[in-house]
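Some notes on the structure that comes next.
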C-alpha cells in the first residue's frame, strides 16, 4: 500500500473499487505492457497493437491470417489432418481430454492453420501457429500441416511463409513431436532447391523446438516488436546459470542486436513489407501501394 | 575399475561386497573358499541379469546416465582406428561437449561426431556435462560438410542431457545452430549413421541425430524433454519423473515398437558400463550392418530416402475437410 492510499479515507477507496467493477466485461481492455485502458474496438482496429505504447498483443491464428492475406481467393490447406494420441498419454489429465478442451476453447483441431492466398496480390502459402491451442505446441499435426503447406507452395512454385507463436514441442506426443523438428526443416530444403522464398515471421513467443528448427531457416527472418524468442525459456536459463537475466533478454530487439534476425517489423506494416520482400526475392516489379 | 552401483542395484552391490570380503579372507585362509566365491559370483550375475531384464523406463534413464558408461571418445578408441580429433567452429570457440574428427572404420575413412561427457568432476566441467553450446553444433556442421566434400560416411554418437540453456548460448544463436544442423543433415549427400549411446536429450540430441539409420543402445533413452522436466511441467513436480518416463516412451524398445528408430543394440549383462570392450564390439557390428544398408545408394537416392523417412514421422488421422 502506498503512502497516498494510506492517507485516503476508506470511503473513497471503496468508491473507487466499486467503479472499477462496474466496467462491463469486454468493452475495455488493459494493455499488458503500459497498463493503458483501451477501448477494445480501438485496439482491434489497430491490429491489436496498443495505440499508446505500441505493444503487440498476441493474436489468434485466423485473425493473423485475416490481417496478412488479401480477403479474396484464399483457402485452407491440411485441415483434414487431425490429432491422435499415439502414446495414450496421461498426466494429471489425458492428452485426449486436453485436445478436446483446446478444441472447445479455440474451435481449432490443432495448433496450426495453413492457408493459400495472396498478400497485396502476391500469391503465397502461409502457415500460422495457434498459440491458444496447447501453447502452440508442435506435434504430429502441426508438422504434417506445415509440410502440406510447403508441398503446396512447391507444386505451385509459390513463396512459403510461417508465422510462429509457440512454446515449443508437444510433450504429450513424446519423440513423435521431437521428430517434427527434423520433418519441418527437411521440407524447407526442397523449397530452397527450387529457389522458392521461405520467410519466417516470429511473434510472441517463439521458443524451444520450433525456434530450434525452421524458425531461423527463413531466407528472411522477421520478428514482431518485443516478442520473446529463444531456445531455452528464461526461467530454465535463470535456474541453470543462477543469475538474473539482463533486461530485454531474448526479445526481438535483443536478437536484432545479436545478429540473429533480419528485421523487426511493426504488425501494421507487415503486409506491405512482406509483399515487398517477396517481389524483391523473386525479381518481380514493385507493387504500387 | 570398481563399478558404481545405482540405487536399484543395491542387492547386487551387497552381494558384490560380500564376494569382495571373501576374496580378502581367502588370501590368508587355510580353508579353500573359492567354490563359495564362484557360487556367489554366479548368483550375482544371474541377479544382475534378472534385475536388468525388467528395468522400468526410469531405471533405464539412470543406466543411460551411469557415470561409467562408455562415451564417444571410448568408442572412437575401441571401434575406430587413426582417430584424428579436429577442433573448433572457426568462428568463436572449440566446444568440448561435442567431439569429432577423421577416423578409419574397418580401414575406410570416415567422420566421427559425438557428444562427450566427463568422468570426473574436472572433466565434467570441461565437457559442460555433455551440454553443447552453438559452437559445438557448428563444429559438427563443419565436419559434416567436410565429410560431404570428401565423400566420407558420418557416424554420430548421441549422449547429452540437452543443448546448454545459458545466456551466451542464446546470444550466439543456439536455436539457429540446431536448426541449421537439421537442415543440412536433411540434404547431406553422404551416409549418416546415428546411434544414441546414452541420453538422447531433445533438440540438443537431434541436432546430430538425423540419419539414414538411427539406432539406440539397449539402455539408452531418447526423448523430447527429460523425465524430470516433463514431470515438473505437466505434474508440477519433478518427483513424478518415473511416471513421466513411463508415459513419454523414452526407451529403445518402446521407440523401436513405435517405428521411430531402426534398431536396438543389445548391451552386455548389467549395462554397457560393465564391459566397454564387449559393448564396443557389438556396436561395431551394428554400425557395419547399418553402413552396408546404405552403402550402395547414390547420393541422390540417399537424400531422397532420408527425406521420405523424415516425412513419415508423425501420427495423425485424416478426416474429410469440413
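Chains as they are written, first to last, in the numbering used here: chain A, 196 to 484; chain H, 8 to 329.
All C-beta atoms, glycine included, are put in the ideal place defined by N, C-alpha and C.
The structure displayed is predicted, hence computed values, not measured ones.
Close partners of residue 312 of chain A in chain H (Cβ separation under 7 Å) are lacking, with about 17 Å as the shortest Cβ gap. When C-beta distances to chain H are compared with 7 Å, the residues of the segment 283 to 306 of chain A below that value are 284, 285, 286, 287, in chain order. Counting the other Cβ atoms within 10 Å of the Cβ of residue 458 of chain A gives fewer than 16, which makes it exposed.
A distance below 8 Å separates the beta carbons of residue 137 of chain H and residue 168 of chain H.
Scanning chain A for C-beta atoms nearer than 9 Å to the C-beta of residue 181 of chain H yields 406, 407, 425, 426, 427, reported in chain order. For the pair of segments examined, the segment 378 to 386 of chain A was found not to touch the segment 418 to 435 of chain A: the number of CB pairs separated by less than 8 Å stays below three. Of the candidates H:230, H:118, H:31, H:10, the residue whose Cα lies closest to the Cα of residue 212 of chain H is H:230. Counting along the chain, residue 418 of chain A sits inside no alpha helix (DSSP H); it lies in the beta strand (DSSP E) bounded by residues 415 to 418.
When 9 Å is used as the limit between beta carbons, residue 410 of chain A is near these residues of chain H: 182, 183, 186, in chain order.
If you check each beta-carbon in the segment 329 to 350 of chain A against every beta-carbon of chain H, the ones closer than 7 Å belong to 335, 336, 338, 339, 342. Residue contact check for residue 314 of chain H against chain A: a CB pair falls below 8 Å.
In the DSSP annotation of this structure, the continuous segment of the beta strand (DSSP E) that includes residue 394 of chain A starts and ends at 393 to 402.
Under the three-state reduction of DSSP, residue 120 of chain H is assigned to strand. Excluding residues up to 5 positions away in sequence, 402, 406, 445 lie with their Cβ nearer than 7 Å to the Cβ of residue 425 of chain A in the same chain.
In the three-state reduction of the DSSP assignment, residue 38 of chain H falls in the coil class. One alpha carbon belongs to residue 64 of chain H, the other to residue 286 of chain A, and they sit about 16 Å apart. Three or more Cβ pairs closer than 8 Å define a contact, and the segment 118 to 125 of chain H meets that threshold against the segment 75 to 90 of chain H.
Taking 8 Å as the threshold, the shortest C-beta distance from residue 366 of chain A to chain H falls below it. Taking 3 residues as the minimum length, the beta strand (DSSP E) runs contained wholly in the segment 278 to 348 of chain A are 307 to 314, 317 to 324, in order along the chain.
Residues of the segment 221 to 242 of chain H with a C-beta less than 9 Å from any C-beta of chain A: 229, 230, 231, 232, 236, 237, 238, 240, 241, 242, listed in chain order. Excluding the 5 residues flanking it on each side, residue 228 of chain A has same chain C-beta neighbours closer than 6 Å at 248, 250, in chain order. The contact set of residue 281 of chain A on chain H, defined by CB atoms closer than 8 Å, consists of 265, 322 in chain order. Rounded to whole angstroms, the separation of the alpha carbons of residue 295 of chain A and residue 328 of chain A is 10 Å. A straight-line Cα-Cα distance of about 12 Å links residue 144 of chain H and residue 97 of chain H. Counting C-beta pairs with one atom in each stretch, the segment 185 to 205 of chain H and the segment 348 to 360 of chain A have fewer than three that are closer than 8 Å, which means they do not touch. Annotation: the continuous beta strand (DSSP E) that includes residue 225 of chain A extends over 223 to 225. In this chain, the beta strand (DSSP E) harbouring residue 222 of chain H covers 220 to 224. If you keep only unbroken alpha helix (DSSP H) runs of at least 4 residues inside the segment 60 to 147 of chain H, you get 64 to 71, 79 to 86, 128 to 133. A Cβ-Cβ contact shorter than 8 Å links residue 482 of chain A with residue 315 of chain A. Pairing residue 27 of chain H with residue 51 of chain H gives a Cβ-Cβ distance that is not under 8 Å. Counting along the chain, no beta strand (DSSP E) covers residue 439 of chain A, and no H or E run does either. Not flagged as an interface residue toward chain A: residue 160 of chain H, since no C-beta distance is shorter than 8 Å.
Residues of chain A whose Cβ lies closer than 7 Å to the Cβ of residue 327 of chain H are, in chain order, 275. Neighbours of residue 178 of chain H in chain A, taken as residues whose beta carbon is under 7 Å from its own, are 453 in chain order. Assigned with DSSP and collapsed to three states, residue 458 of chain A falls in strand. Straight-line spacing of the CA atoms in residue 266 of chain A and residue 207 of chain H works out to 46 Å.
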